[in-house]
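K.L.:
Below is a structure I'd like to ask you about.
Number of protein chains: 2
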Amino acid sequence: MTEQVSRMPADADVTRADSLAREIYAGVANKWALLVINTLEDRTLRFNELRTAVDGISHKMLTQTLRGLERDGVVDRTVYATVPPRVDYRLTEAGRALRDTVNGMCAWTRRYLGEIEAARHRYDTRD
Amino acid sequence: MTEQVSRMPADADVTRADSLAREIYAGVANKWALLVINTLEDRTLRFNELRTAVDGISHKMLTQTLRGLERDGVVDRTVYATVPPRVDYRLTEAGRALRDTVNGMCAWTRRYLGEIEAARHRYDTRD
DNA sequence: CTGCATCCCCGGCGATACTG
DNA sequence: CAGTATCGCCGGGGATGCAG
Chain A
1 MTEQVSRMPA DADVTRADSL AREIYAGVAN KWALLVINTL EDRTLRFNEL
51 RTAVDGISHK MLTQTLRGLE RDGVVDRTVY ATVPPRVDYR LTEAGRALRD
101 TVNGMCAWTR RYLGEIEAAR HRYDTRD
Chain B
1 MTEQVSRMPA DADVTRADSL AREIYAGVAN KWALLVINTL EDRTLRFNEL
51 RTAVDGISHK MLTQTLRGLE RDGVVDRTVY ATVPPRVDYR LTEAGRALRD
101 TVNGMCAWTR RYLGEIEAAR HRYDTRD
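Residue numbers (full-length UniProt numbering), protein chains in the order written: chain A, 1 to 127; chain B, 1 to 127.
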């Protein structure tokens, strides 16, 4: 009996975990999040330092991206009660682990840059 | 003299390569592209098989994503002149290399699923 | 079955202005 | 300096229909 009633919740948990993973994956798999993670590397940066370093990102998108990463425990946010205020951002342990995989994507881009360019030219001039 | 005239183009090339890398990075760093790459793995799949497997992706987005990946030489597209038509998609060598790094992100999600969930709860119930 | 075009709407994102 | 809120637009992307 216990086996029967416990089966359904177990399956439901698997489904929930899957959809959660999907959601996390989708949240992290976006341009700005990955660029921010890449930029942070091992450094501790302030809001405007990040804003300058990421280049192309707007004030709003940076805030939004940082909130998401902070919520997921990827970046750590430290507020200093000074005036003017100062806020430091750095990667958490989970964030550094993620950064390692993100670096792999960067390496891939560099490694295949030439091939991709060639493939594009072939594709664009086909026929 | 040759050194002087060759300097400017060299710098320009670096800049161009950087922006190209950025563009490729941005193109690949999106939810649907990564999910398609993950789904393809080592298999060869037809359009509708992919459509079903990726779940949540629309007809239009799948077409669009596949075109982009095909153009960048990440996926290989094979058309059979049969009726009804049949089109097979598979990862190229570059695509498989990219998949390896993408798998790293999946592994990361699984590894930190619990921590992320906890971090979210902490964030959402702070104060 | 696969792919392209069209329409249309919702929401992401930039710009701007205002608090602490 | 850092963050929040509001507004407005442009475009991503879903739905649908048609072609090969």
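A virtual CB, placed ideally from N, CA and C, is assigned to each residue, including glycine.
This structure is a prediction, so every number in the text was calculated from the model and none was measured.
Kindly indicate which residue of B:C106, B:T52, B:R99 has the alpha-carbon position closest to the one of A:G27.
P.N.:
Cα-wise, what sits closest to A:G27 is B:C106.
K.L.:
Using beta carbons (cut-off 8 Å, strictly below), is A:R71 in contact with chain B?
P.N.:
Yes - at least one Cβ of chain B is within 8 Å of the one on A:R71.
K.L.:
Measuring CB to CB, does B:Y89 end up less than 8 Å from B:L34?
P.N.:
Result no, Cβ atoms of B:Y89 and B:L34 do not sit closer than 8 Å.
K.L.:
Should B:R43 be labelled buried (16 or more other beta-carbon atoms within 10 Å of its own) or exposed?
P.N.:
Flag for B:R43 reads exposed.
K.L.:
Run through chain B and tell me which residues come within less than 7 Å of A:M61, C-beta to C-beta.
P.N.:
Within 7 Å Cβ-Cβ: nothing; A:M61 doesn't reach chain B, min ~13 Å.
K.L.:
Could you give the DSSP three-state label for A:M1: helix, strand or coil?
P.N.:
The predicted position of A:M1 is uncertain, since its pLDDT is 47 and thus under 50; a value taken from the coordinates is nonetheless stated next. Three-state result, A:M1: coil.
K.L.:
Using the three-state DSSP reduction, which class does B:V74 fall into: helix, strand or coil?
P.N.:
Note: B:V74 maps to coil in three-state DSSP.
K.L.:
With DSSP as the reference, identify every bridge partner of B:D88, one or two as the case may be.
P.N.:
Its beta-bridge partners are B:R46, B:T78.
K.L.:
Going by C-alpha to C-alpha distance, which of A:R51, A:T109, A:P84, A:S19 sits closest to A:T63?
P.N.:
Looking at the Cα atoms, A:R51 is the closest of the given residues.
K.L.:
Rounded to a whole number of angstroms, what is the C-alpha to C-alpha distance between B:A21 and B:R120?
P.N.:
C-alpha separation (whole angstroms): 33 Å.
K.L.:
Within this structure, are the beta carbons of A:G95 and A:I57 separated by less than 8 Å?
P.N.:
Not closer than 8 Å, so no.
K.L.:
Please look up how many angstroms separate the CB atoms of B:R122 and B:R86, rounded, as I've assumed it's under 8 Å.
P.N.:
Between B:R86 and B:R122 the Cβ distance is about 51 Å, and since that is not below 8 Å, they are no contact.
K.L.:
Using beta carbons (cut-off 8 Å, strictly below), is A:Y89 in contact with chain B?
P.N.:
It does not: the Cβ of A:Y89 has no partner Cβ on chain B nearer than 8 Å.
K.L.:
Among the residues of its own chain, which have a CB less than 6 Å from the CB of A:D76, if the five just before and after it don't count?
P.N.:
Excluding positions up to five away in sequence, the list reads R90, T92.
K.L.:
Answer with buried or exposed for B:R99, where buried requires no fewer than 16 other C-beta atoms within 10 angstroms of its C-beta.
P.N.:
The residue in question, B:R99, is buried, as its Cβ has 16 or more Cβ neighbours within 10 Å.
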